Structure formats: C-alpha cells, structure tokens
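Residue numbers (my numbering): 442 to 500.
Where is the CB? At the ideal position from N, CA and C, for every residue including glycine.
Computed from a prediction, not measured in an experiment: that's the story for all the values here.
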C-alpha cells in the first residue's frame, strides 16, 4: 500500500482547534477514529505540504 494505491473506503475528516491549543485533524473511516494533534507550527508545515502537492498536480 502506498500513496498511489487507490482504496474504496469512505472517510470523514474534520480539522479544527482544540481547547488545549492544538490543531486536530480527526479522521473517521470504517468505524475507526483517528485524532491527530499538532502544534500551530506543525499544522502550518502540513498546510504548506498540501499546497505544494496541489501545485504539483496543477503543473
């Protein structure tokens, strides 16, 4: 399995701040819940990586 392997799995994703001062990415798929907490700096790095990937796809 890798980033280019397609799967027929439905998932929901939520992103928002926590009351602990973290940014949480919360993913639910197939009855499994995955909360991932990041500092603001880490979240900004992730956002930059997403923007770079989107730009690469557009190119």
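- Query: Would a check of beta-carbon distances place residue 469 closer than 7 Å to chain C?
  - Reply: Looking at the structure shown, chain C is missing, and only one protein chain is on hand.
- Query: Between the C-alpha atoms of residue 450 and residue 477, what's the straight-line distance to the nearest angstrom?
  - Reply: Indexing the chain shown from 1 puts residue 450 at position 9. Indexing the chain shown from 1 puts residue 477 at position 36. Rounded to the nearest angstrom, the two C-alpha atoms are 19 Å apart.
- Task: Determine the extent of the beta strand (DSSP E) in which residue 444 is found, giving its start and end residues.
- Result: As a position in the chain shown, residue 444 is number 3, starting the count at 1. Where residue 444 is concerned, there is no enclosing beta strand (DSSP E), given that its DSSP letter is neither H nor E.
- Query: If we ignore side chains and look at the alpha-carbon of each, how far apart do residue 487 and residue 446 end up?
  - Reply: Walking along the chain shown from the start, residue 487 turns up at place 46. Walking along the chain shown from the start, residue 446 turns up at place 5. Taking the straight line joining both Cα atoms gives about 21 Å.
- Straight-line Cα distance separating residue 468 from residue 453: Locating residue 453 in the chain shown gives position 12, where the first residue counts as 1. Locating residue 468 in the chain shown gives position 27, where the first residue counts as 1. Their Cα atoms are separated by approximately 6 Å.
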